[in-house]
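In this text, residue positions in the sequence shown follow my numbering: the first is 354, and each later residue adds one.
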Amino acid sequence: MNNKALSSQFKDSIPIAELSTQYGGYGVQDTLRAGFSSVQSDLLPSHPLELSEKNFQINQEKVGFSTLRNIQGLHGPLKLQMEFKAAKQIQRLPFLSSSNIALDTLRGTDESISFEDILNDPSECEMMGDPHMMMEHKLGLL
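What follows is the structure, given as structure tokens:
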């Protein structure tokens with residue numbers, strides 16, 4: 354087979370990193386990874402404070418930006434948002450986990466230990482991809 358035929362086959366296929374973890378092979382829900390499903394939990398939150406807790410970080414940023422705007426004017430929140438955007442773009446190679454220390458420092462969460470710091474360690478993740486395939490996918494070579 355020639356290289357063009359191989360590359361066309363790979364372009365039409367779904368990359369490993371984009372596979373949904375909720376559904377396993379044959380379209381059946383992967384209960385070990387996604388947990389048990391129920392129709393009621395999909396429709397309604399299980400507790401009245403659940404929606405508030407999901408949006409807590411976003412609400413805190415909005416309050417911080419409005420306070421900063423009242424104190425420093427319009428340029429304060431604009432500068433901070435520009436720094437957030439620049440810090441989010443800093444990434445390691447796709448197969449290495451990034452600590453996002455610049456973003457944590459800007460948000461002020463670098464000195465606190467939270468649930469995600471202990472139990473969300475990406476180095477202990479079960480799904481590790483092939484570095485060569487992940488770089489080729491990111492560069493659009495596949």
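Heads up, the beta-carbon is just placed ideally off N, CA and C, and yes, glycines get one too.
As the structure is a prediction and not an experimental result, all values here were calculated from the model.
Could you compute how far the alpha carbon of residue i sits from the alpha carbon of residue j?
i	j	result
Leu446	Ser452	12 Å
Leu307	Gly482	No information on residue 307 is available, as it lies outside the stretch 354 to 495 that the chain covers here.
Thr462	Gln382	35 Å
Met486	Ser467	33 Å
Gly416	Gln442	Looking at the sequence provided, one finds Val at residue 416 rather than Gly. Cα-Cα distance, rounded: 24 Å.
Glu414	Asp470	20 Å
Ser399	Arg460	29 Å
Phe437	Leu456	7 Å
Leu427	Gly388	45 Å
Gln410	Thr384	29 Å
Glu403	Arg386	21 Å
Within 10 Å of its beta-carbon, does residue i have 16 or more other beta-carbons around it, so buried, or fewer, so exposed?
i	result
Pro484	exposed
Pro401	exposed
Starting from residue i, follow the alpha helix (DSSP H) in both directions and report where the run begins and ends.
i	result
Val416	409 to 425
Asp470	468 to 472
Pro430	428 to 442
Pro447	Element bounds for Pro447: n/a, residue is neither H nor E.
Thr384	384 to 387
Give every residue of the same chain whose Cβ lies closer than 8 Å to the Cβ of residue i, excluding the five residues on either side of it in the sequence, and list them in chain order.
i	result
Lys491	Pro447
Gln434	Phe418
Under 7 Å Cβ to Cβ from residue i, same chain only, skipping five residues before and after it: list those, please.
i	result
Met488	Leu446, Pro447
Pro430	Phe418, Leu421, Arg422
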